[in-house]
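Below: the structure, in structure tokens.
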Amino acid sequence: MRRIEDWTIVIEDCGWRASHMEALCPLSRDGGQAVAVMRHDYAARHRLAYAVDGAYLTDIDPTFPRRRHGADPDRLNRHLRELGIDPAADDRIENAIPAALAIASRITNVMITPQHLRRPALGAAIPGAY
Numbered sequence: 002m003r004r005i006e007d008w009t010i011v012i013e014d015c016g017w018r019a020s021h022m023e024a025l026c027p028l029s030r031d032g033g034q035a036v037a038v039m040r041h042d043y044a045a046r047h048r049l050a051y052a053v054d055g056a057y058l059t060d061i062d063p064t065f066p067r068r069r070h071g072a073d074p075d076r077l078n079r080h081l082r083e084l085g086i087d088p089a090a091d092d093r094i095e096n097a098i099p100a101a102l103a104i105a106s107r108i109t110n111v112m113i114t115p116q117h118l119r120r121p122a123l124g125a126a127i128p129g130a131y
């Protein structure tokens, strides 16, 4: 976990729960925002999720961005278009994770660099989370 400007960046090594509604919504309560980018090679299902003020607004499969869910599934379409991705197309996006990270950067105005990912970083196990 690292603090970068007004955002806290958390990396969940070998996990996926932070991108789920049950984790993301509480992180965005009381007027906050939370963004999660999940790369899950084993299940071949990546995710870009966005919550605001406790509401799970958008859940996008960045490989197939037409697959969108949430209270406002089209909320991030402008960012997709600005990256040259048609949110209505059935196209497979080959650079899905870099595109999802670019959208997260646009939302947060934070560009994550390799320096942000260097260890040591604050970490913790959450009892009962798994």
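Letter by letter, the sequence shown follows residues 2 to 131 of our numbering.
Idealized CB from N, CA, C, for every residue including glycine.
- Taken in chain order, the complete alpha helix (DSSP H) segments of 4 or more residues contained in the stretch 36 to 114 are 78 to 83, 97 to 109.
- DSSP places Arg18 in the helix class (H, G or I) of the three-state scheme.
- In this structure, the alpha-carbon of Leu118 lies about 20 angstroms from that of Asp42.
- With respect to the 9 angstroms criterion, Thr64 and Arg93 are classified as neighbours on the basis of their beta carbons.
- The straight-line gap separating the alpha-carbon atoms of Asn96 and Leu84 is approximately 11 angstroms.
- Non-local beta-carbon contacts of Ala100 in its own chain, meaning distances under 7 angstroms to residues more than five positions away in sequence, involve Pro63, Leu84, Ile86, Ile94 in chain order.
- The closest CA to that of Leu25, considering only Ala105, Ala52, Leu81, is found on Ala52.
- The beta carbon of His70 sits closer than 7 angstroms to those of Asp60, all from its chain and outside the five residues before and after it, given in chain order.
- The residue among Asp54, Gly55, Ala56, Met39 with its C-alpha nearest the C-alpha of Arg48 is Met39.
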